[in-house]
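For reference, the structure is listed below as structure tokens.
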Amino acid sequence: MDIAPLRSAVSGAVLAAEDQGWDAARASHAGVGRPDVIVRVSSLDDVSEAVRFAAASRRVAVVRGGGHSAWCTLDEGVLIDLSALDAVEVVEDSEGGALVRIGGGARWGDVARILSDQGLGISSGDTASVGVGGLTLGGGIGWMVRAWGLAADQLVGAQLVTAEGEVVEVSDASHPDLLWALRGGGGNFGIVTRFDFRAHDLPAVVFAELGLSGDARTLLAALRDVLATAPRELTVTYMDVPAMDPNAPAGATIAACWAGADEDALRAALAPLLAVDGVVENDLAVREYPDILLDHPAPEPDQQMPGFIGGNTLVVDLDEATIDALVAFRESTPASVLFLRSLGGAYGDVPQEATPFPARDATWFAMAGGFDIPGLVDDAERARLASAWAAIEDRGAGVYGNFSTSTDPAFAERIYPTETMARLAAIKTKWDPRNLFARNHNVVPA
Ligand SMILES: Cc1cc2nc3c(=O)[nH]c(=O)nc-3n(C[C@H](O)[C@H](O)[C@H](O)COP(=O)(O)OP(=O)(O)OC[C@H]3O[C@@H](n4cnc5c(N)ncnc54)[C@H](O)[C@@H]3O)c2cc1C
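In this text, residue positions in the sequence shown follow my numbering: the first is 1, and each later residue adds one.
Here you go:
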């Protein structure tokens with residue numbers, strides 16, 4: 001492939017395997033890939049040129065925002081690195097609220113810090129280095145999901161570079177179908193160079209960590225009952241992990257976030273839970289929102305991460321049988337994790353057909369898996385874990401694509417219900433008929 005025309009067309013760096021800096025450029029949080037070429041775009045024009053180059057050279061475009069997905073680790077394609085497009089601008093919208101314009105390669109930690117300085121927030125995820133791009137386009141479940149919905153629910157417009165390299169301003173008024181597709185349909189429709197979000201007032205949050213001991217089934221049932229009637233300012237996670245490293249103590253914990261600075265309100269909401277045997281309050285304090293986001297360093301390029309046998313599911317009714325199946329899965333092998341996040345509230349206010357995101361009636365997100373540790377896990381155990389997880393997933397109402405590390409092209413069928421997929425495929429056919437943007441949970445053009 002002759003990359004000389006690309007080098008002369010863009011102002012950002014273009015790297016090939018023989019260039020200095022190649023190894024650093026191809027490493028991301030998710031691992032190390034071997035693309036055909038990497039373009040570190042530095043402007044909107046660069047993005048158009050990179051897309052046109054990928055199309056002309058008949059290579060797939062591999063788009064990297066925050067670099068947390070498995071697609072950045074593939075050994076092919078024109079890798080378009082958006083990380084330099086990270087501007088954040090706050091303007092007043094037509095109703096006097098705050099509209100935030102965010103570059104397509106920005107990361108949530110940086111965005112949250114800039115917004116926090118202005119008393120504002122957008123519901124994002126729990127980790128600072130995750131990209132605005134991947135998280136939003138796939139949905140985005142974060143600490144304010146019950147107060148404000150998904151990250152994608154706050155998206156009101158975008159600037160998109162199409163598969164033809166053209167620039168399109170997307171809004172509900174100009175391209176309602178395209179905006180619909182960007183609210184959960186993934187990176188299938190072009191490269192978003194600017195996301196426009198409606199922000200919310202957020203002076204601070206109250207964050208609590210609860211230590212848990214005792215019967216997990218009883219604790220989870222109590223947590224479910226509290227969330228069934230809790231104000232929507234409250235969002236919680238439940239995490240039960242094995243000892244993995246000295247900074248992450250083994251065992252079960254609940255983290256709770258209150259959208260707002262009212263300590264007493266969080267205490268009141270958690271009171272019934274704190275009355276349960278085995279629940280202790282380790283910490284509860286008013287914090288700035290960016291300070292509660294996690295920040296893991298990227299793994300060393302040669303660090304082998306163990307495989308994960310399990311998955312996630314969107315649960316409508318966290319009944320006793322579902323709790324039992326989740327806890328039994330975790331108990332069946334010490335090297336496993338169980339992770340739940342509360343949904344409902346504003347997440348459930350959004351009509352199902354308003355976005356491509358599945359299962360708006362879900363009240364919980366659950367994820368569990370066993371680690372595929374070489375030498376410890378054999379084929380029989382792998383098969384047992386996979387089948388135990390499949391039975392749990394069957395109880396749910398859908399799968400959240402962003403938390404899947406699968407690069408199986410057929411995986412998108414498990415995320416989107418048939419009618420949603422048909423609508424996404426029609427939009428894909430219009431905007432990317434040759435499937436240039438195929439390295440994502442792929443919607444195949446009709
Ligand atoms: C440590 C960790 C914590 C996480 N926490 C959360 C969480 O709290 N909540 C949650 O909902 N999810 C969470 N996730 C999942 C996360 O949403 C996905 O991994 C997401 O794909 C990451 O986005 P990214 O931009 O960092 O990744 P990337 O790998 O850069 O991109 C992922 C996908 O999005 C596409 N894409 C990215 N940017 C653009 C753009 N500007 N235009 C077009 N396409 C684009 C890419 O092509 C690719 O298909 C977490 C993941 C990790 C690894």
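Ideal placement from N, C-alpha and C gives every residue a C-beta, glycine not left out.
Item                                                                                                                                                                                          : Value
Whole angstroms is fine: what's the gap from F207's alpha carbon to P356's?                                                                                                                   : 31 angstroms
Spatial neighbours of E89 within its chain, please: CB distance less than 6 angstroms, with the 5 preceding and 5 following residues excluded, ordered by chain position.                     : R101
Mind reading off the beta-carbon distance from W147 to A271? Whole number of angstroms is fine, and I expect it under 8 angstroms.                                                            : Residue identity check: residue 147 is Ala in the sequence provided, not Trp. Not a contact, Cβ separation roughly 20 angstroms.
For R107, list the residues DSSP reports as bridge partners.                                                                                                                                  : G131
Determine the extent of the alpha helix (DSSP H) in which N318 is found, giving its start and end residues.                                                                                   : Contrary to the premise, residue 318 reads as Leu rather than Asn in this sequence. Where L318 is concerned, there is no enclosing alpha helix (DSSP H), given that its DSSP letter is neither H nor E.
So, with DSSP's three-state summary, where would you put Q154?                                                                                                                                : helix
Which complete alpha helix (DSSP H) runs does the region 397 to 439 hold, if anything under 4 residues is left out?                                                                           : 412 to 415 and 418 to 431
Which stretch, first to last residue, makes up the beta strand (DSSP E) that contains F53?                                                                                                    : Per DSSP, F53 belongs to no beta strand (DSSP E); it is in the alpha helix (DSSP H), L44 to A56.
Within a Cβ cutoff of 6 angstroms, which residues of the same chain sit near E49, ignoring the five residues on either side of it in sequence?                                                : A9 and V10
Would you mind working out which of E353, P306 and A261 sits nearest E288, comparing C-alpha positions?                                                                                       : A261
Nearest by alpha-carbon distance to E381: which of W364, F329 and D264 is it?                                                                                                                 : F329
To test your reading of the DSSP string, which unbroken alpha helix (DSSP H) runs of 4 or more residues are found completely within the region 332 to 389?                                    : 346 to 349
According to DSSP, is R59 helix, strand or coil?                                                                                                                                              : coil
Tell me whether D126 counts as near ligand 3, meaning its Cβ is closer than 6 angstroms to at least one heavy atom of that ligand.                                                            : The model depicted lacks ligand 3 and carries ligand 1 instead.
Mind checking whether the beta-carbon of L135 lies closer than 6 angstroms to any heavy atom of ligand 1?                                                                                     : yes
Is the distance from the Cβ of D372 to the Cβ of I309 below 7 angstroms?                                                                                                                      : yes
Any chance the CB of R59 is under 6 angstroms from a heavy atom of ligand 1?                                                                                                                  : no
Given that a residue counts as buried once 16 or more other Cβ atoms are within 10 Å of its Cβ, and exposed if not, what is A275?                                                             : exposed
Does L424 pass the burial test, meaning 16 or more other C-beta atoms within 10 Å, or should it be called exposed?                                                                            : buried
What span of residues does the beta strand (DSSP E) with R287 cover, start to end?                                                                                                            : V279 to R287
Please work out which residues of its chain come closer than 6 angstroms, Cβ to Cβ, to P301, disregarding the five sequence neighbours upstream and downstream, and give them in chain order. : A27 and V32
With which residues is M144 paired in a DSSP beta bridge?                                                                                                                                     : BP columns for M144 are empty, so no partner.
With H, G and I counted as helix, E and B as strand and the rest as coil, what does DSSP make of T253?                                                                                        : strand
Would L135 and A151 qualify as a contact pair, given that the criterion is a beta-carbon distance under 7 angstroms?                                                                          : yes
Taking just the CA atoms, how far does G348 sit from A354?                                                                                                                                    : 11 angstroms
Within 6 angstroms: the Cβ of S404 and any heavy atom of ligand 1?                                                                                                                            : no
List the whole-angstrom C-beta distance separating S342 from T418, where the pair is believed to meet the contact cut-off of C-beta under 8 angstroms.                                        : In fact, because the Cβ distance is near 28 angstroms, the residues do not count as touching under 8 angstroms.
Which runs of the alpha helix (DSSP H) spanning at least 4 residues fall entirely within the region 177 to 206, listed in chain order?                                                        : none
Please report the straight-line C-alpha distance between S94 and L155, rounded to a whole angstrom.                                                                                           : 15 angstroms
By DSSP, does T512 sit in helix, in strand, or in coil?                                                                                                                                       : No answer is possible for residue 512: it lies beyond the span of the chain, which begins at 1 and ends at 446.
Does the region 116 to 128 come within contact of the region 216 to 227, defined as at least 3 CB pairs closer than 8 angstroms?                                                              : no
Which same chain residues end up closer than 6 angstroms to F339 when comparing Cβ atoms and leaving out the 5 residues on each side of it in sequence?                                       : M239 and M367
Would you call the region 162 to 171 and the region 137 to 145 touching, i.e. three or more CB-CB distances under 8 angstroms?                                                                : no
List the endpoints of the continuous beta strand (DSSP E) containing D81.                                                                                                                     : V78 to D81
Is V145 near L210, with beta carbons less than 7 angstroms apart?                                                                                                                             : no
Please report how far the alpha carbon of G104 lies from the alpha carbon of P306, in whole angstroms.                                                                                        : 30 angstroms
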